[in-house]
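K.L.:
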DNA sequence: TGTTAGCACTCTCAGTCGATGAGTGCTAAC
DNA sequence: GTTAGCACTCATCGACTGAGAGTGCTAACA
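Protein chains in written order, with the numbering used here: chain G, 21 to 367; chain L, 21 to 367.
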């Protein structure tokens, strides 16, 4: 069976209506609302075909039809009018992404808020992985007796503080010596690389200056084993918007959904970081069972050519794909520009 | 009308039963479950009195009674067995609060998680206000051209980074001079005080070294106007636990509750920071309408004698007050000890 | 051969009705 | 002061019903 023009028209009409009404829609309604020039009976026949093709389905015998995941997929790929942004949305995005920025955290939370606000859906934003940035240099500053502030600067501009324990008797010059050694050795490597391969090299270098050894390696401990290092935080915006979606009128569904929201790992999996550009994941195409009734529109963003994060919009499969795609697309474009132009934003 | 011994017994029985069952409870049930040595009819008469006293109420004519806010209040103040901790809970709290800690943030999130886990309710933790800590000193470190890292150390041990813009031509020594002036002037004052009263003094001091003036005041801008400064973040733990409470089976209630959760300001108001020690706020005693069906058990904690934060447990008015109070009480005790003993924890 | 009208059938939804059961308040007896 | 008895109230639940929406099938039509 082939998809002829009329079938396409009917499928498009059905999906568009369902997206806004969230109600199953029957042949009669389509005939009334959309001027296809044929009678309900004909539409019935066509709908029967569409169902056989797996593009629509019936919740129960005497209800109208609703789109299946495959139906949405067909719609997104072939039927939908191309994503276009409303002017006021466009302006809003531009206004929000042209601020002068001090911290990337700020950008991320801001973006997250913006996306959920524009779409009335939930937004998911994944920022740069802390451990990933390559090491540039470190400084030591005095702190309490027996402790020092270690300031670590990454090549991507990130700055971190760590309080480290030092012996009571370690002098400032000694710390400086250690810093010099570490800076020389570690420059240009990521902390993960340091952890895996470089440690013994540093070790042997420092062995020559016997007395410094003990402290030096202990100093590195907090930055190498920092919990935050590995798992980047995922920002969620407008989670409550989900409660307004009729598909989540059921408390059990809300529970499982919110449960999944609490686990950063789950959310991270929603954002397909491997694929560049705009990605649409519809319902069951997603691996996670908790989100089988949801679709995700996501895109990655870059700093200096390298993919460092992703933004996404999460909604019920019944969502306005065109609008969501337009918004995600434009937002990442602006984000890329913002991160490129702002002179070396501290990450 | 007076509260005689039998009325107390009945009220206690009713509340205890209601706390675990969440169902209105009638005279017959009380007579059966609790051995008071009187018939349901007698209990009925007493219950009628209790209702007149405003301690219990009837959801509808032919249902049993449930405690009113005033009833819970009476229960907490006079009837409840004194808060006692189960041994395993005690051990769990001790285990979690004797870790060596590096960051107070960590302690806060950890505590929040612990509390919600122990009670199966929602926990609210309010950490130290960043802006409050008195200024100790600052350092400058090199960063990108035209920018520097300003490291600010507070007297309570907090360390913060800020990237500041400096003229391309400002030399390290000049920065040092500025730092020296600022350190001398600002030491011992909170940033808020600096902002309000000290700025013009610093201004006139620096005016004498004309060339430095422009930069110096700009440098302070980020720390004085930092958004985070004023509003300390509120940590919420186990918000989902609320969904398991039968009183929140209604989606509308969930919506308003979670809406309130999203606003830090609202949550902050729940924790009575003005009162020291263990505080119990029952239902409508709370000012916020969103939480009129909730009770809060809260307590403040201190660092060095000064109240810096608060922890609280939020649950439906129908909650196990004894247990919750015991847990909050013990947790804050341990927290105080932890923060006192760990030698100058960085905040 | 494709389209349409007609029709019987299915299924959900909202509303009604009555039975059930828990609980109360009142009265009168103990 | 306490209790048994009783009439009354009210929410809940299941069964039933009619309305409405929608379908699939058949037969007629262009």
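Glycine is no exception: its CB is placed at the ideal position from the N, C-alpha and C atoms. These numbers come from a predicted model, not from an experiment.
Which residues mark the beginning and the end of the alpha helix (DSSP H) in which residue 281 of chain L is found?
P.N.:
Counting along the chain, the alpha helix (DSSP H) containing residue 281 of chain L begins and ends at 271–282.
K.L.:
Return the first residue and the last residue of the alpha helix (DSSP H) that residue 85 of chain L is part of.
P.N.:
No alpha helix (DSSP H) contains residue 85 of chain L, which DSSP labels as neither H nor E.
K.L.:
Nearest by alpha-carbon distance to residue 265 of chain G: which of L:260, L:256 and L:275 is it?
P.N.:
Here the closest residue by C-alpha is L:275.
K.L.:
At 7 Å on the CB atoms, spell out the chain G contacts of residue 174 of chain L, in chain order.
P.N.:
Simply none; closest approach about 12 Å.
K.L.:
At a CB-CB cut-off below 9 Å, which residues of chain G make contact with residue 181 of chain L?
P.N.:
The answer, in chain order, is 171, 179, 180, 181 and 366.
K.L.:
Could you please tell me which residues of the stretch 180–211 of chain G, in chain order, have their CB closer than 9 Å to any CB of chain L?
P.N.:
If the cut-off is 9 Å between Cβ atoms, the stretch 180–211 of chain G has 180, 181, 182 and 183 near chain L.
K.L.:
Within 10 Å of its beta-carbon, does residue 370 of chain L have 16 or more other beta-carbons around it, so buried, or fewer, so exposed?
P.N.:
In the structure as shown, chain L begins at 21 and stops at 367. Residue 370 of chain L is therefore absent and cannot be evaluated.
K.L.:
Assuming the contact rule is C-beta atoms closer than 8 Å, residue 144 of chain L and residue 291 of chain L should be a hit. Round their C-beta distance to whole Å, please.
P.N.:
Going by Cβ atoms, the distance from residue 144 of chain L to residue 291 of chain L rounds to 6 Å, so yes, they are a contact pair.
K.L.:
Do residue 207 of chain L and residue 281 of chain L have their C-beta atoms within less than 8 Å of each other?
P.N.:
In this structure, residue 281 of chain L does not lie closer than 8 Å to residue 207 of chain L by Cβ.
K.L.:
Ordered along the chain, which non-local residues of its own chain (more than five positions away) have a Cβ less than 6 Å from that of residue 317 of chain L?
P.N.:
The answer, listed in chain order, is 300, 333, 344, 345 and 348.
K.L.:
Using a C-beta to C-beta distance shorter than 9 Å, which residues of chain G count as neighbours of residue 161 of chain L?
P.N.:
Under the 9 Å cutoff, chain G gives 159, 161, 171, 173 and 179.
K.L.:
With respect to the alpha helix (DSSP H) encompassing residue 65 of chain G, which residues constitute its N-terminal and C-terminal limits?
P.N.:
That run of the alpha helix (DSSP H) goes 60–72.
K.L.:
Using DSSP's beta-bridge definition, name the partner residues of residue 159 of chain G.
P.N.:
Note: residue 159 of chain G sits in a beta bridge opposite G:171.
K.L.:
At least one CB of chain G closer than 8 Å to the CB of residue 263 of chain L: is that the case?
P.N.:
Yes, contact with chain G.
K.L.:
Closer than 8 Å by beta-carbon distance: list the chain L residues that pair up with residue 282 of chain G, in chain order.
P.N.:
Near residue 282 of chain G (Cβ distances below 8 Å), the residues of chain L are 260.
K.L.:
State yes or no: is the beta carbon of residue 215 of chain L nearer than 8 Å to at least one beta carbon in chain G?
P.N.:
No, residue 215 of chain L lies away from the interface with chain G (no Cβ there is under 8 Å from its Cβ).
K.L.:
Judging by CA-CA distance, which residue of G:180, G:92, G:81 and G:355 is the nearest neighbour of residue 305 of chain G?
P.N.:
The residue with the shortest Cα to Cα distance from residue 305 of chain G is G:92.
K.L.:
Please report whether the beta-carbon of residue 328 of chain L lies at a distance below 8 Å from any beta-carbon of chain G.
P.N.:
Chain G contact via Cβ: absent.
K.L.:
Counting only Cβ-Cβ distances shorter than 8 Å, please list the residues of the stretch 272–297 of chain G near chain L, keeping chain order.
P.N.:
Those residues of the stretch 272–297 of chain G that come within reach of chain L (Cβ to Cβ, closer than 8 Å) are 274, 275, 278, 279 and 282.
K.L.:
Can you have a look at residue 170 of chain L and say buried or exposed, based on whether 16 or more other CB atoms are within 10 angstroms of its CB?
P.N.:
It counts as buried.
K.L.:
Along chain G, which residues have their Cβ under 7 Å away from the Cβ of residue 269 of chain L?
P.N.:
Those within 7 Å of residue 269 of chain L in chain G are 271.
K.L.:
In whole angstroms, what is the alpha-carbon distance linking residue 27 of chain G and residue 73 of chain G?
P.N.:
Each residue's alpha carbon lies about 11 Å from the other.
K.L.:
What's the C-alpha gap between residue 75 of chain L and residue 100 of chain L?
P.N.:
Answer to the nearest angstrom: the Cα atoms are 15 Å apart.
K.L.:
Taking 8 Å as the cut-off, decide whether the C-beta atoms of residue 252 of chain L and residue 358 of chain L are in contact.
P.N.:
Against a cut-off of 8 Å, the Cβ pair of residue 358 of chain L and residue 252 of chain L comes out as no contact.
K.L.:
So residue 45 of chain G and residue 34 of chain G are supposed to be a Cβ contact under 8 Å. How far apart are they, rounded?
P.N.:
Residue 45 of chain G to residue 34 of chain G, Cβ: 6 Å. Contact.
K.L.:
Could you give the first and the last residue of the continuous alpha helix (DSSP H) run that contains residue 203 of chain G?
P.N.:
Its alpha helix (DSSP H) spans residues 192–206.
K.L.:
On a CA-only basis, which of L:330, L:311, L:278 and L:259 is nearest residue 89 of chain L? Give me that one, please.
P.N.:
Of L:330, L:311, L:278 and L:259, the residue nearest in Cα terms is L:311.
K.L.:
Anyone know if the C-beta pair for residue 293 of chain L and residue 320 of chain L falls short of 8 Å?
P.N.:
In this structure, residue 320 of chain L lies closer than 8 Å to residue 293 of chain L by Cβ.
K.L.:
Are there 16 or more other CB atoms within 10 angstroms of the CB of residue 220 of chain L, so buried, or fewer, so exposed?
P.N.:
Counting Cβ neighbours within 10 Å, residue 220 of chain L comes out exposed, since fewer than 16 surround it.
K.L.:
Name the residue from G:352, G:323 and G:315 whose alpha carbon lies nearest to the alpha carbon of residue 337 of chain G.
P.N.:
Checking every option, the nearest Cα to that of residue 337 of chain G belongs to G:315.
K.L.:
Roughly how many angstroms lie between the CA atoms of residue 354 of chain G and residue 195 of chain L, to the nearest whole one?
P.N.:
Looking at the two C-alpha atoms, the distance is approximately 35 Å.
K.L.:
For residue 187 of chain L and residue 239 of chain L, what's the separation of their Cα atoms in angstroms?
P.N.:
Approximately 11 Å, taken between the alpha carbons.
K.L.:
Using the Cα positions of residue 297 of chain G and residue 356 of chain G, report the straight-line distance between them to the nearest angstrom.
P.N.:
Distance between the alpha carbons of residue 297 of chain G and residue 356 of chain G: 12 Å.
K.L.:
At what residues does the alpha helix (DSSP H) containing residue 13 of chain L begin and finish?
P.N.:
With chain L covering 21 to 367 only, the question about residue 13 of chain L has no answer from this structure.
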